[in-house]
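Notes to accompany the following structure.
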Amino acid sequence: MNSVIPMSKKELLSHGVISPNSNLLKIYKEQLNSLSNEQWEASIGLILGDASLNTQNKGKTYRIKFEWNNKNKAYIDHVLNLFDEWIISEPHKKIRTSPNGKEVFNWGFQTISHQAFNPLAELFISNSKKTISNGLILNHLTSRGLAYWFMDDGGKLDYNKNSKNKSIVLNTQSFTDLEVTNLAEELHEKFKFKTSTSCPCEGGGGLRARVEITKVKK
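Read in order, the letters of the sequence shown correspond to residues 1 to 218 in our numbering.
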């Protein structure tokens, strides 16, 4: 857990718009040490999902960036609360047009840049890209992290209400085929899931395989 912060977030924000290079923000950051266990475990799952790590100073510090659809507002508020001391700017509205012409309304927000996020970058970033290293699932993904990952990229394999198939899917199209294979193997070893991989569409279209999970019966 972090030590008591002499300058609270509320006090920091009472000074109005805070410049990224302001002394007030520097003092505030120096009072933050590391992520809590809950924040760390959640971060693993969130970055396996839709969150991304970003650096503005060639890797000296990192920040986490989030973006979700407005229909997930309750989840957005939960993540905002979880990382409260690390987020000092309000979520911003992002509106774009989908390929089928519909207007999509998302919320985006980010943490401050801080060395506390560097260990996450060591796990996930290689050559400035998000990657999945061997042992990531085995050594760092917990049940809590898996829950956040599922909230981001998970779903049922079959949404037919009459289906007896209770399998779930983790959509992992942003990862390479080899990374997805390793994910499936490590999920099986770590959580004793029955896992398999499949491509969600014929012809690929640049999309990668996904992980299908069925809990092994005891």
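Quick reminder that beta carbons are idealized off the backbone N, C-alpha and C, glycines included.
Predicted, not measured: the structure shown is a model, and the values here were computed from it.
Considering only C-alpha positions, which residue in the set Lys190, Leu141, Thr176 is nearest to Ser43? Leu141
Counting Cβ pairs closer than 8 Å, one from the segment 97-117 and one from the segment 49-62, do we hit at least three? yes
Roughly how many angstroms lie between the CA atoms of Trp107 and Lys130, to the nearest whole one? 22 Å
Rounded C-beta distance between Ile18 and Ile88? I'm assuming under 8 Å. 6 Å
Please return the same chain residues whose Cβ sits closer than 6 Å to the Cβ of Ala184, not counting the five positions on each side in sequence. Thr195, Thr197, Val211
Rounded C-alpha distance that separates Ser113 from Lys29: 9 Å
Is Glu90 helix, strand or coil by DSSP? coil
So, are the CB atoms of Leu157 and Val169 less than 8 Å apart? yes
Touching or not, the segment 34-48 and the segment 91-101, by the rule of three or more beta carbon pairs under 8 Å? no
DSSP beta-bridge partners of Trp68: Trp107
Taking Cβ to Cβ, would you say Ile125 is nearer than 8 Å to Leu53? yes
Relative to the C-alpha of Phe109, which residue among Ile213, Ser163, Asn69, Asn57 is closest? Asn69
Along the chain, where does the alpha helix (DSSP H) containing Asn118 start, and where does it finish? 118-124
Asn81, DSSP secondary structure in three states: helix
Give the C-beta separation of Gly45 and Trp149 to the nearest angstrom, bearing in mind that I take them to be a contact with Cβ-Cβ under 8 Å. 4 Å
Just verifying my parser: in three-state terms, what is the DSSP assignment at Val220? Since the displayed the chain opens at 1 and closes at 218, residue 220 lies outside it and no answer follows.
What's the gap between the Cα of Arg208 and the Cα of His188? Only weak support is given to the placement of Arg208: the predicted model assigns it a pLDDT of 46, under 50, and the question is left unresolved by the model.
Secondary structure at Ile95, three-state DSSP: helix, strand or coil? strand
Taking a contact to mean a Cβ-Cβ separation below 8 Å, would you say Leu123 touches Leu136 in this structure? yes
Nearest by alpha-carbon distance to Phe105: which of Glu67, Ala121, Asn81, Leu80 is it? Glu67
Helix, strand or coil for Gly16, going by three-state DSSP, please let me know. coil
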